[in-house]
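Protein chains in written order, with the numbering used here: chain A, 37 to 147; chain B, 10 to 123.
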Amino acid sequence: SQQGEEDPQALSIQEGENATMNCSYKTSINNLQWYRQNSGRGLVHLILIRSNEREKHSGRLRVTLDTSKKSSSLLITASRAADTASYFCATDSMGGNKLVFGAGTILRVKS
Amino acid sequence: DTEVTQTPKHLVMGMTNKKSLKCEQHMGHRAMYWYKQKAKKPPELMFVYSYEKLSINESVPSRFSPECPNSSLLNLHLHALQPEDSALYLCASSQDRVVTGELFFGEGSRLTVL
Chain A
37 SQQGEEDPQA LSIQEGENAT MNCSYKTSIN NLQWYRQNSG RGLVHLILIR
87 SNEREKHSGR LRVTLDTSKK SSSLLITASR AADTASYFCA TDSMGGNKLV
137 FGAGTILRVK S
Chain B
10 DTEVTQTPKH LVMGMTNKKS LKCEQHMGHR AMYWYKQKAK KPPELMFVYS
60 YEKLSINESV PSRFSPECPN SSLLNLHLHA LQPEDSALYL CASSQDRVVT
110 GELFFGEGSR LTVL
């Protein structure tokens with residue numbers, strides 16, 4: 037399966053702390069994306085990193101990609117209670133027509 | 010307009026009913042997707058439409074029947090569903106194939122099959 041695996045499954049931190057989530061995948065990719073999902077809602081795209089990129093920033097988000105290890109990490113700095121959500125990595129597959137999601141990390145930020 | 014709109018938000022149906030989920034986008038996107046999500050699980054791909062043609066069917070049971078009447082609309086027709094089909098059904102669209110960029114998701118239709 038192309039599906040990514042994420043760790044940790046759940047993460048609980050205090051407001052102001054940093055949160056790091058990791059994602060591993062199995063086959064070669066064109067890009068890797070991160071999404072956020074608030075409980076029972078739709079998914080919101082956070083950031084896309086292409087296979088020829090190693091690091092990307094967007095606001096308080098920092099994503100790294102190591103294609104040799106088939107892994108990525110998402111760092112959220114100075115977390116806020118509003119960051120409480122599930123976070124999924126997703127990789128493209130089947131010639132770039134299909135996006136497959138990892139198992140996800142549930143992040144809880146306590147105020 | 011950067012929205013994907015799904016209706017209805019909630020649907021309760023019996024196993025003998027026929028119902029449809031609807032999805033609409035006006036971003037000029039040429040790829041549209043149906044995902045199914047069970048509680049505490051990731052979204053699972055069901056169907057992909059590319060330029061209004063079905064390009065991927067992830068071996069979904071025939072009781073789910075997708076339809077793409079035009080480039081802005083995507084339907085999912087439901088018939089003779091089972092209780093285990095209860096889930097959040099998410100529609101998404103992208104400008105073209107996923108290799109080119111992000112997916113835009115609707116808020117989902119929460120389906121309960123009695």
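Using N, Cα and C, we set each Cβ at its ideal position, and we do this for glycine too.
Counting only Cβ pairs nearer than 7 Å, list the residues of chain B close to residue i.
| i | result |
| --- | --- |
| A:Val145 | Residues of chain B passing the Cβ test: none, with the nearest at roughly 19 Å. |
At a CB-CB cut-off below 8 Å, which residues of chain A make contact with residue i?
| i | result |
| --- | --- |
| B:Glu12 | Residues of chain A passing the Cβ test: none, with the nearest at roughly 10 Å. |
| B:Gly117 | Gly76, Arg77 and Gly78 |
| B:Pro92 | Neighbours of B:Pro92 on chain A: none; closest Cβ ~19 Å, over 8 Å. |
| B:Leu120 | By Cβ distance, chain A contributes nothing, its closest Cβ being about 13 Å from B:Leu120, past 8 Å. |
| B:Leu54 | Lys134, Leu135 and Val136 |
In the DSSP assignment, what residue or residues form a beta bridge with residue i?
| i | result |
| --- | --- |
| A:Arg72 | A:Val80 and A:Tyr123 |
| A:Lys62 | According to DSSP, A:Lys62 bridges with nothing at all. |
| B:Val107 | The partner list for B:Val107 (beta bridge, DSSP) is empty, contrary to what the question assumes. |
| A:Ala117 | According to DSSP, A:Ala117 bridges with nothing at all. |
| A:Ala55 | A:Ile112 |
| A:Thr100 | A:Glu91 and A:Ser109 |
| B:His88 | B:Lys27 |
| B:Leu8 | A query on residue 8 of chain B cannot be resolved here, the shown segment of chain B reaching from 10 to 123 and no further. |
| B:Leu83 | B:Cys32 |
What are the boundary residues of the beta strand (DSSP E) that includes residue i?
| i | result |
| --- | --- |
| A:Ser48 | Ala46 to Gln50 |
| A:Lys106 | Neither: A:Lys106 is in no beta strand (DSSP E) and is coded neither H nor E. |
| B:Gln15 | Val13 to Thr16 |
| A:Lys134 | Lys134 to Phe137 |
| B:Ser95 | Where B:Ser95 is concerned, there is no enclosing beta strand (DSSP E), given that its DSSP letter is neither H nor E. |
| A:Thr141 | Thr141 to Lys146 |
| B:Ala40 | Ala40 to Gln46 |
| A:Ser87 | Per DSSP, A:Ser87 belongs to no beta strand (DSSP E) and is neither H nor E. |
| B:Met22 | His19 to Met22 |
| B:Thr121 | Ser118 to Val122 |
For residue i, which residues in chain A fall below 7 Å Cβ to Cβ?
| i | result |
| --- | --- |
| B:Val107 | Asp128, Gly132, Asn133, Lys134 and Leu135 |
Which bits of chain B does residue i rub up against, with CB to CB less than 9 Å?
| i | result |
| --- | --- |
| A:Gln50 | Ordered by position in chain B, no residue passes the 9 Å Cβ test against A:Gln50, which lies about 24 Å from the chain. |
| A:Leu84 | Gly110 and Glu111 |
Check the Cβ-Cβ distances between residue i and every residue of chain D, and say whether any is below 8 Å.
| i | result |
| --- | --- |
| A:Ala139 | Here the protein chains are A and B, and chain D is not one of them. |
Which residues in chain A have a C-beta closer than 9 Å to the C-beta of residue i? List them in chain order.
| i | result |
| --- | --- |
| B:Leu2 | Any answer about residue 2 of chain B is impossible in this case: the structure gives chain B only from 10 up to 123. |
Uninterrupted beta strand (DSSP E) stretches inside the region 49 to 81 of chain B (no shorter than 3 residues): Fully enclosed beta strand (DSSP E) runs of no fewer than 3 residues occupy 53 to 59, 62 to 66 and 73 to 79 of the region 49 to 81 of chain B, in order along the chain.
Positions along the region 14 to 46 of chain B whose CB lies within less than 9 Å of some CB in chain A: Gln15, Ala40, Tyr42, Tyr44 and Gln46
Members of the region 56 to 88 of chain B near chain A, C-beta cut-off 7 Å: Val57, Ser59, Ser64 and Ile65
Against chain B: residues of the region 108 to 121 of chain A by CB proximity under 7 Å: none
Members of the region 88 to 108 of chain A near chain B, C-beta cut-off 7 Å: none
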